[in-house]
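For reference, the structure is listed below as structure tokens.
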Amino acid sequence: MQPLTLKYSRIKQSHVLFFTSGVCFLLLLVLTGIPGYFWSPPQGIHFSRHIDSFSYSYYYFSEHSGFFHPGNFNLESINGRCASEFPIMYYITSLLYLFFGVNFWTLKIITILMLFLGFLYCVKMVFLLCENLILSVLLTTLFFTSTVILYYGTFYLPDIHALGFLMVSLYYFFLYFKFQEKRHLLKLYIFITLSALLKASFFYYGCIFLVMILLISKREKIRHGQNILFFFLSLIIIASWYVYANRYNFANNAWYYTLSPKPFWKESRERITLALGFISNYWYSKYYFQSTFHFFFLTFLLGIFYVRKISLYLVLFFSLISLSLLYASLFLTQFIHHDYYFIAIVPAIIIIVTLSLISIVKNIPNKLILSCVYISLLVITILSANYAKLNLHRRYSNNFDSFSAPRYLLYGANDYLDSIGVSKESKFLVIGDRSQNGSLAFLRRFGWIYPNFQRDTINRNTNLKVADYLVVLRPSVNTIPKNIQEKLKNCDKYVYYNNYIYSLKNYK
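Numbering (the numbering used here), first residue to last: 2 to 509.
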């Protein structure tokens, strides 16, 4: 690999890696058609989860509630207050709204930047291990051609933010692995803490760090007290947030967000079978191009022959595979409808495939064969990127479902309400929306949402008495009950794209 090695000063080397990573990242976005979807509001698969993230940002901006008092549009909880992951990204977004106004693209830009952070540090990590720029860039680009990563990396999902910080921590882990410097140890725990605060499941990599660094300390005969100290400080910080979030939700009667695992042994056999079916038959083709999976598996099988000579790498492989399987078992049924749970496993794939491929390449003496390896990797990367482009197009083209309906039915409704003088403080009750915050996000008002007139009639009738406006989506489907029709006779009625909006000022 010597002809492909960068021989520069550390500063210049860093600049080359940054520039090369930036160019390749932009090329990946262009090749997969991402720029064409950039200005699109939340839509399609997991519309609800994207809107929930936007909802947090808007709540901070609108309510000035303080960092530790997050909330959503939906007032089913007390004053809309609720919590899930550590809301630092949503809080930063709300501050940016002060300069750019409320919009759907600010948080999207932050997510793309976090995706690039992960891409950059993946390149740096691979380069640290092989000192080969071509291999580093090609392999990283291949890893990031996952449809799941690209789709959610251009929306608002906190898993992408967590992935970005985790890739930084992995880079510092391998720096410590190589040089055993304490400053690298501190940095890797800082970034794994940030990652797990945004997505608790990512902390299983922190457990791997602990074990591996203890083994390194034993091998190098150095003290391991700081490793244990940093690990438990990280664990305490992460646990403190999730304990606070649970108590905060309990105090505010908020039950929407799940902050605990759903292990497979607590699920029925039918649910387990359904989850495995989704993973193998449906999501499997959405995670990566299938030939990319074949490449990963073949690389692992060939690489393990060489890696077996390095005991620490074997322990690392075993730990990654074991804890990834444990993670999958704890959240198995979540994979039925949530393909983004796969993102937490991607770093394990990156580490295993990278170390395996580097071990293979280092043992190829023939330059012609080595060139064939690079060409094959380039071809697979291009094919994988093209496959991701097709999958992304399908996701955006077939993006209308019962959850994402508000994106089409109420697009631009906020401006319409402003034009007819509806106050931002007005409370809305929406009928015909299956999401938690969807309609309210496009109305940019707080209130309540019900999927139909038959659901939760007691709370619905109670909230109708305190709401300022009633919105009925697709009234031909959601027929207004006669008793409510009578009370709406004296109410002003507006029609927005065949949806009814009633002022409840005269509702009796």
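Cβ atoms here follow ideal geometry from the backbone N, Cα and C, with glycine treated the same way.
Remember, it's a predicted structure, so these values are computed and weren't measured experimentally.
Whole-angstrom distance between residue j and residue i, CA atom to CA atom
{"i": "S360", "j": "S49", "result": "43 Å"}
{"i": "F454", "j": "I432", "result": "7 Å"}
{"i": "V496", "j": "L465", "result": "19 Å"}
{"i": "N228", "j": "F175", "result": "14 Å"}
{"i": "M213", "j": "L187", "result": "15 Å"}
{"i": "I239", "j": "A197", "result": "7 Å"}
{"i": "L418", "j": "I502", "result": "10 Å"}
{"i": "M2", "j": "L32", "result": "Note that M2 scores 44 on pLDDT, short of 50, meaning its location in the model is unreliable; the coordinates nonetheless yield the value given after this. If I take the Cα positions, the gap works out to 28 Å."}
{"i": "N392", "j": "R220", "result": "46 Å"}
{"i": "P4", "j": "N133", "result": "Its pLDDT being 43, under 50, P4 is placed unreliably by the model, and the measurement read from it follows with that caveat. Distance between the alpha carbons of P4 and N133 is about 9 Å."}
{"i": "L378", "j": "I346", "result": "21 Å"}
{"i": "F87", "j": "L18", "result": "31 Å"}
{"i": "F296", "j": "V354", "result": "9 Å"}
{"i": "D434", "j": "F74", "result": "14 Å"}
{"i": "R224", "j": "S330", "result": "35 Å"}
{"i": "C131", "j": "R446", "result": "53 Å"}
{"i": "Y1", "j": "Y38", "result": "There is simply no residue 1 to check, as the chain begins at 2 and stops at 509 in what is shown."}
{"i": "T146", "j": "F156", "result": "16 Å"}
{"i": "I365", "j": "F180", "result": "26 Å"}
{"i": "S281", "j": "I421", "result": "51 Å"}
Pick from the options that is closest to residue i, judged by C-alpha positions
{"i": "S325", "options": "H339, P348 and Y397", "result": "P348"}
{"i": "N460", "options": "L430, L327 and S95", "result": "L430"}
{"i": "Y98", "options": "F87, E64, L129 and G119", "result": "E64"}
{"i": "G448", "options": "H51, Y470 and V103", "result": "Y470"}
{"i": "T107", "options": "N75, L134, N133 and P42", "result": "P42"}
{"i": "I89", "options": "K13, H47 and L195", "result": "L195"}
{"i": "G165", "options": "L441, F74, F20 and I344", "result": "I344"}
{"i": "T112", "options": "S241, T94, S427 and G67", "result": "T94"}
{"i": "I305", "options": "L358, I350 and E268", "result": "L358"}
{"i": "I161", "options": "H51, C131, P407 and K183", "result": "H51"}
{"i": "K109", "options": "G119, L121 and Y91", "result": "Y91"}
{"i": "S403", "options": "P452, P159, N387 and H394", "result": "P452"}
{"i": "E182", "options": "K490, S218 and S312", "result": "S218"}
{"i": "P159", "options": "L143, Y341 and W40", "result": "Y341"}
{"i": "E426", "options": "R396, N387, V467 and Q437", "result": "V467"}
{"i": "A84", "options": "L411, I381, L143 and V244", "result": "V244"}
{"i": "N438", "options": "Y206, G23, H47 and T21", "result": "H47"}
Residue interval of the beta strand (DSSP E) (run including residue i)
{"i": "W449", "result": "G448 to Y451"}
{"i": "S504", "result": "N500 to S504"}
{"i": "I239", "result": "It is not in any beta strand (DSSP E) - I239 instead sits in the alpha helix (DSSP H) that spans G226 to A252."}
{"i": "Y497", "result": "K494 to Y497"}
{"i": "V473", "result": "Y470 to V473"}
Residue i beta carbon near the ligand FAD (any heavy atom closer than 7 Å)
{"i": "L260", "result": "Among the components modelled here there is no ligand, and therefore nothing to report on the ligand FAD."}
Distance between beta carbons of residue j and residue i, contact taken as under 8 Å
{"i": "F443", "j": "N415", "result": "6 Å"}
{"i": "F55", "j": "F105", "result": "7 Å"}
{"i": "L1", "j": "G154", "result": "Any answer about residue 1 is impossible in this case: the structure gives the chain only from 2 up to 509."}
{"i": "S385", "j": "T293", "result": "5 Å"}
{"i": "K390", "j": "G34", "result": "5 Å"}
{"i": "L356", "j": "Y288", "result": "Contact doesn't hold; Cβ gap of about 21 Å is too wide."}
{"i": "Y508", "j": "K488", "result": "5 Å"}
{"i": "S440", "j": "P407", "result": "4 Å"}
Host alpha helix (DSSP H) of residue i (start-end)
{"i": "F62", "result": "F48 to E64"}
{"i": "Y283", "result": "From DSSP, Y283 is part of no alpha helix (DSSP H); its letter is neither H nor E."}
{"i": "L186", "result": "K183 to L199"}
{"i": "F429", "result": "From DSSP, F429 is part of no alpha helix (DSSP H) but of the beta strand (DSSP E) over F429 to I432."}
{"i": "C380", "result": "According to the sequence shown, residue 380 is Val rather than Cys. Segment K368 to S398, the alpha helix (DSSP H) holding V380."}
{"i": "Y153", "result": "T148 to Y153"}
{"i": "K109", "result": "T107 to C131"}
{"i": "P348", "result": "V347 to K363"}
{"i": "R408", "result": "A406 to L410"}
{"i": "H162", "result": "P159 to F180"}
Sufficient close CB pairs (3 or more, under 8 Å) joining the segment 327-346 to the segment 247-263: yes
Given 8 Å, three or more beta-carbon pairs between the segment 72-85 and the segment 250-259: yes
Cβ pair count under 8 Å reaching 3, the segment 18-28 against the segment 50-68: no
Stretch-stretch touch, CB-based, cutoff 8 Å, three pairs: the segment 114-128 with the segment 157-175: yes
Inter-stretch contact (C-beta, 8 Å, three-pair minimum) for the segment 366-375 and the segment 270-284: no
The segment 140-155 contacting the segment 198-213, beta-carbon criterion three pairs below 8 Å: no
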